[in-house]
Amino acid sequence: MMSQNTPYRVRFAPSPTGHVHLGSARTALYDYLIAKQTQGQFILRIEDTDRKRLVEGAEEELMKSMRWLGIDWDEGSDKGGPYGPYRQSERKEIYQKYAHELIKKDMAYYCFCSSERLAQVRQEKQKNKLLPHYDGFCRNLDKAEAEERAKNGESHVIRFKTPKQGITVVHDLLRGDILFENSNLDDFILVKSDGWALYHLAAIVDDYLMKVTHVIRGSEWLPTSPLHSLIWQAFGWEEPVWVHLSVFLKPSGKGKMSKREAADLSNDGYSIFVKDLEDFGYLPEAVINWVALMGWSYDDHTEFFTLEDLVEKFSLKKLNPSPAAINFSKLDYFNKQHIKALDDADLGARFIPFFEKEGFSVTLKEMEAIAPMLKDRITTLDDSVDMCAFLFKDEIMHSPESLVIKGKSSEETRQLGIGALEVIKNISDWSIDTIDQELTQYMNEQSLTPKELFSFLREAVSGQRVTPPLFDCMQVLGKERTIQRVKESLEII
RNA sequence: GCCCCCAUCGUCUAGCGGCCCAGGACGCGGCCCUCUCAAGGCCAAAACAGGGGUUCGAGUCCCCUUGGGGGCACCA
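If you want our numbering, it's the 1-based position in the first sequence plus 43.
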């Protein structure tokens, strides 16, 4: 095993079939962390050998999501590197070459069985309660003859000649040795009849050629890991360190999230896709922090981490192999924490797209002004619009019922409002402190409670029940517009 | 069905044989503060799945049971 200070070469190898999922984001994050920490390299490799499953634009979105998270790579399909190409669809011949090398070594063979026959074999085996594996029909064909048939264009796949006896041991960093009886393993396919390599072959050849030292992947790969070990051994190569991460379970902890359940999540403003989280107003810092802590911990009390912190403190050894249920309320919590940690200019800048999406045209200066009064009262960035839209509207709606002070009549409210308006008009220094002083004094004179006077003014000035602190709002609104809105309110009571 | 993995509060977890009648965090409940909403402060409830071993001593090691999860494609 590698010592802690040798550079690790790791790879994140998604297939471009859709949005980036939280589980993928976590894997990529850990890859990135361990590469940075050891001054190694993080490789982004696109696994697109299945031409049927390609999704238009998925590769671009994938890179966008990763960059948004702040997880950048050293080598990849877009930036090259010494071991490219980094897109498997551009490496077809390489896999062909290695597959034939295995045939030559008698560790793989041509199989000419039709998919109909295969389906039949499988069905029969299942009926007899046997493993639904390949029956080995082509396993011992005459080699020269098989070679000839393949050359003549007969449709075929290439299968691995899995040992029938013995045990294959996979050493997982988190779980130790895992034993698999070879008799339970199948003669799995290496190369499809269309000539494209399957994951099992392609990933291993690439990991070898790209000098990957640590393979970090989801535990759904555990069942096929002996196959992978066997291929490494067949080539006579030294295996990388295997690290199988726990899977993410749905919030209830009962099973993986289904497509349907994942879609339903967005009704509550949550999602398991990175792209959606960005749209919903979550900070990449928060998503990183949150996801890092699902299956990993630093100690018994530290939980706020920046990417830089994680690079310094992350350790594969402290990974937890048990499955983890996704906890979105913790995401909310981390989002609040990271929002609070942002300075006003930074936070303000991040509000802009959310205001623009709602049709407001705002300036960075304006956003900077509202940032401090918002930073510890919003959960997601788009909450800023809900809370402060009234500051940027030309007209707001008032309802007479919500204006009238509780326990007082409309007429009493209007008289009080007229008094307050006079006070406001007479404020020459339009600062938060002065507004506070003057209005508080008026409140005392009239024997009103803060709730009575300020709820009225809040409604009058914003048309909303909930806003940031009233005097801050009035200050940002400006004296003229404040007066205007109070006047309008008095007219409709 | 077969193979594999996992097992501490509702959830994420600390715990690597005595420091634990189990600590932190989210969430939940209560109180304080308070112009709304938050934030903040304080307090509370809440867990070692069960059974066998090993040991002077087990949440920590081993075995079994149970429970949960993952995988059994010419997908990755």
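For each residue, glycine too, the CB sits at the ideal point set by N, CA and C.
Kindly indicate the opening and closing residues of the alpha helix (DSSP H) around Q507. Position 464 of the first sequence, counted from the first residue, corresponds to residue 507. Per DSSP, Q507 belongs to no alpha helix (DSSP H) and is neither H nor E.
Contacting residues, own chain, Cβ-Cβ under 6 angstroms from G119 (five flanking each side not counted): The residue you call residue 119 lines up with position 76 of the first sequence. L87, Y129.
Proximity below 8 angstroms, CB of A101 to CB of Y153: For the purposes of this step, residue 101 is taken as the residue at position 58 of the first sequence. For the purposes of this step, residue 153 is taken as the residue at position 110 of the first sequence. Cβ atoms of A101 and Y153: not closer than 8 angstroms.
Looking at the structure shown, is A68 part of a helix, part of a strand, or coil, going by DSSP? Here the question's residue 68 lines up with position 25 in the first sequence. Three-state result, A68: helix.
Q82 - DSSP class collapsed to helix/strand/coil: As a working note, residue 82 is residue 39 in the first sequence. It is coil, neither helix nor strand.
Could you tell me how far apart the beta carbons of H243 and H287 are, in whole angstroms, since I believe they sit closer than 8 angstroms? Residue 243 sits at position 200 when you count from the first residue of the first sequence. Residue 287 sits at position 244 when you count from the first residue of the first sequence. In fact, because the Cβ distance is near 16 angstroms, the residues do not count as touching under 8 angstroms.
Taking C-alpha atoms, which residue in G460, A384, L513, R54 lies nearest to L252? By 1-based counting over the first sequence, the position of residue 252 is 209. For L252, the nearest C-alpha among the options comes from R54.
Using three-state DSSP, classify V258 as helix, strand or coil. Position 215 of the first sequence, counted from the first residue, corresponds to residue 258. Strand at V258.
Are F223 and T211 closer than 8 angstroms when you measure CB to CB? Taking the first sequence and counting its residues from 1, the one referred to as residue 223 is at position 180. Taking the first sequence and counting its residues from 1, the one referred to as residue 211 is at position 168. Yes.
What would DSSP say about R501, mapped onto helix, strand or coil? Looking up residue 501 in the first sequence gives position 458. Helix, per DSSP.
With three or more C-beta pairs closer than 8 angstroms as the rule, is the region 499-514 touching the region 437-448? yes
Distance check for K194 and P366, CA to CA, integer angstroms please. One-based indexing of the first sequence puts residue 366 at position 323. One-based indexing of the first sequence puts residue 194 at position 151. For P366 and K194, the distance between alpha carbons rounds to 48 angstroms.
Can F316 and H64 be called in contact, C-beta distance under 8 angstroms? By one-based count along the first sequence, residue 316 stands at place 273. By one-based count along the first sequence, residue 64 stands at place 21. Going by C-beta atoms, F316 is nearer than 8 angstroms to H64.
In whole angstroms, what separates the C-alpha of S157 from that of R165? For the purposes of this step, residue 157 is taken as the residue at position 114 of the first sequence. For the purposes of this step, residue 165 is taken as the residue at position 122 of the first sequence. Taking the straight line from one Cα to the other gives about 12 angstroms.
Just how far apart, CA to CA, sit M44 and K254? As a position in the first sequence, residue 44 is number 1, starting the count at 1. As a position in the first sequence, residue 254 is number 211, starting the count at 1. With a pLDDT of only 42 at M44, under the threshold of 50, the placement of this residue in the model should not be trusted; the figure read from the coordinates follows. Going by the C-alpha atoms only, they are around 15 angstroms apart.
Within 8 angstroms, do at least three Cβ pairs link the region 171-186 to the region 273-290? no
Reducing DSSP to helix, strand and coil, say where I89 ends up. For this step, residue 89 is matched to residue 46 along the first sequence. In this structure, I89 counts as strand in the three-state DSSP scheme.
Between the C-alpha atoms of Q380 and A329, what's the straight-line distance to the nearest angstrom? Here residue 380 refers to the residue found at position 337 when the first sequence is read from its first residue. Here residue 329 refers to the residue found at position 286 when the first sequence is read from its first residue. Straight-line Cα distance between these residues: approximately 8 angstroms.
Express the C-alpha separation of W111 and N227 in angstroms, rounding to a whole number. Along the first sequence, one-based indexing puts residue 227 at 184. Along the first sequence, one-based indexing puts residue 111 at 68. C-alpha separation (whole angstroms): 43 angstroms.
Mapping DSSP to helix, strand and coil, what is H344? Position 301 of the first sequence, counted from the start, is the residue given in the question as residue 344. Coil, per DSSP.
C-alpha gap between I535 and E438, whole angstroms: Locating residue 535 in the first sequence gives position 492, counting from the first residue. Locating residue 438 in the first sequence gives position 395, counting from the first residue. Looking at the two C-alpha atoms, the distance is approximately 14 angstroms.
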